[in-house]
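In the working numbering, the protein residues as written are 10 to 342. All residues carry an ideal CB built from backbone N, CA and C; glycine is no exception. Here is the structure we will look at.
Structure below.
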């Protein structure tokens, strides 16, 4: 049985640009009741907000402009809420920009490179304490299909951020296929329980998972390893936005829709959209779509966005007297 301990020290002073976070943590640990020194194999968890403050990522003025600057692309909008993919690859509300626990009229942006911030903090902690620890930089995020928010790892150093159980066998003899706990996120969530949102405790020390901590000369994969590449996520856009993007058909929007779907999947989609009024057949790598009644103009107009959303391209057929109205071919990079 693993004995997991989480300690979030009080007494951390206000963080300003240039604050030595490692020294602030060690000082806070030493001032606690009875002290609480770091040990080899501990995981130090720190909120992205104080990392950003120490790195000068605080701004005043136009939040809308800051959101635009931090956005790689908009994923979805609902009223005042904008979900974006940041330049880090994170999908978050308002690009992770925060206006809490900061001077009125100011906003805090995410660190430019959270993994680099984690590596620097790990090195500084070793310099001051001699301990080999892992470091996780956290931020709060919502989850699809779930109410509420939880902390996740947006930066990590000296830590295995995920475990793979693929190929292992459970107690009943079943082989696990894709089980891969994101342990860095789990550590972030456990730390947040001790830190609280209003407690002024930006640090936590998690003890009991030294097996996750790597050697001093091994920075680990970083939290970036938990970010899915464009197109690898099944939800590259919100539902409304996906419709608009497919109808627009801008090649720059192709990546979030993923790799070309198998022809059988596209053929099924054509059948559903045509309500049985079209037939398809595969000719080499080309899917031929035929329509034998006057519904063809409407269906032809729908084929282009349908193909786009499946990673294919649509070419109108011009053969005289043929019922083939379109040829669909997979897009190539």
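Beta-carbon proximity list for residue i, same chain, < 8 Å, skipping 5 on both sides
{"i": "residue 35", "result": "47, 134, 137, 138"}
{"i": "residue 321", "result": "269, 270, 275, 296, 337, 338, 339, 340"}
{"i": "residue 26", "result": "62, 63, 64, 65, 67"}
{"i": "residue 290", "result": "296, 297, 299"}
{"i": "residue 162", "result": "145, 146, 147, 170, 191, 193, 194, 196, 197, 232, 235"}
Cβ-Cβ separation, residue j to residue i (assumed contact under 8 Å), whole Å
{"i": "residue 192", "j": "residue 173", "result": "Between residue 173 and residue 192 the Cβ distance is about 11 Å, and since that is not below 8 Å, they are no contact."}
{"i": "residue 354", "j": "residue 15", "result": "This structure does not reach residue 354, given that the chain is present from 10 up to 342, and the question cannot be answered."}
{"i": "residue 143", "j": "residue 233", "result": "Wrong, their Cβ atoms sit about 15 Å apart, outside the cutoff."}
{"i": "residue 121", "j": "residue 79", "result": "So it is not a contact: roughly 10 Å between Cβ atoms."}
{"i": "residue 235", "j": "residue 150", "result": "That pair is no contact at about 12 Å."}
Residue closest to residue i, alpha-carbon to alpha-carbon, out of the options
{"i": "residue 164", "options": "150, 149, 124, 320", "result": "124"}
{"i": "residue 240", "options": "299, 130, 263", "result": "263"}
{"i": "residue 145", "options": "291, 119, 52", "result": "52"}
{"i": "residue 54", "options": "118, 126, 73", "result": "126"}
{"i": "residue 224", "options": "108, 152, 60, 132", "result": "132"}
{"i": "residue 226", "options": "150, 209, 140, 181", "result": "140"}
{"i": "residue 75", "options": "242, 116, 285", "result": "116"}
{"i": "residue 38", "options": "17, 113, 252", "result": "17"}
{"i": "residue 72", "options": "57, 91, 84", "result": "91"}
{"i": "residue 311", "options": "96, 293, 284", "result": "284"}
{"i": "residue 318", "options": "267, 324, 286, 292", "result": "267"}
{"i": "residue 89", "options": "102, 129, 236", "result": "102"}
{"i": "residue 59", "options": "212, 287, 324", "result": "212"}
{"i": "residue 196", "options": "286, 130, 218", "result": "218"}
{"i": "residue 247", "options": "24, 188, 19, 100", "result": "100"}
{"i": "residue 13", "options": "182, 171, 214, 30", "result": "214"}
{"i": "residue 251", "options": "189, 190, 315", "result": "315"}
{"i": "residue 106", "options": "129, 194, 183, 77", "result": "77"}
{"i": "residue 24", "options": "85, 50, 111", "result": "111"}
{"i": "residue 189", "options": "177, 282, 130", "result": "177"}
Buried/exposed call for residue i, threshold 16 Cβ in 10 Å
{"i": "residue 11", "result": "exposed"}
{"i": "residue 167", "result": "buried"}
{"i": "residue 155", "result": "exposed"}
{"i": "residue 206", "result": "exposed"}
{"i": "residue 152", "result": "exposed"}
{"i": "residue 254", "result": "buried"}
{"i": "residue 185", "result": "exposed"}
{"i": "residue 306", "result": "exposed"}
{"i": "residue 8", "result": "In this structure the chain extends from 10 to 342, so residue 8 is not present and cannot be described."}
{"i": "residue 313", "result": "buried"}
Residue i versus residue j: straight-line alpha-carbon distance, rounded
{"i": "residue 32", "j": "residue 87", "result": "42 Å"}
{"i": "residue 384", "j": "residue 216", "result": "Past the boundaries of the shown model lies residue 384; the chain is included only from 10 to 342, so the question cannot be answered."}
{"i": "residue 256", "j": "residue 238", "result": "23 Å"}
{"i": "residue 81", "j": "residue 109", "result": "24 Å"}
{"i": "residue 208", "j": "residue 180", "result": "41 Å"}
{"i": "residue 350", "j": "residue 259", "result": "Past the edges of the chain, shown from 10 to 342, lies residue 350, and the structure says nothing about it."}
{"i": "residue 97", "j": "residue 160", "result": "17 Å"}
{"i": "residue 104", "j": "residue 147", "result": "14 Å"}
{"i": "residue 278", "j": "residue 308", "result": "12 Å"}
{"i": "residue 243", "j": "residue 282", "result": "21 Å"}
{"i": "residue 287", "j": "residue 249", "result": "26 Å"}
{"i": "residue 114", "j": "residue 70", "result": "7 Å"}
{"i": "residue 29", "j": "residue 261", "result": "42 Å"}
{"i": "residue 194", "j": "residue 130", "result": "18 Å"}
{"i": "residue 128", "j": "residue 95", "result": "21 Å"}
{"i": "residue 182", "j": "residue 157", "result": "36 Å"}
{"i": "residue 49", "j": "residue 294", "result": "57 Å"}
{"i": "residue 280", "j": "residue 85", "result": "28 Å"}
Close-in-space but distant-in-sequence residues of the same chain around residue i (CB under 6 Å, 5 per side omitted)
{"i": "residue 83", "result": "93"}
{"i": "residue 56", "result": "147, 211"}
{"i": "residue 231", "result": "124, 165"}
{"i": "residue 323", "result": "312, 313, 316, 335, 337"}
{"i": "residue 272", "result": "291, 296"}
Cβ neighbours of residue i in the same chain (closer than 7 Å, five flanking residues each side left out)
{"i": "residue 265", "result": "239, 240, 245, 246"}
{"i": "residue 350", "result": "This structure cannot speak to residue 350, because the chain is shown only from 10 to 342."}
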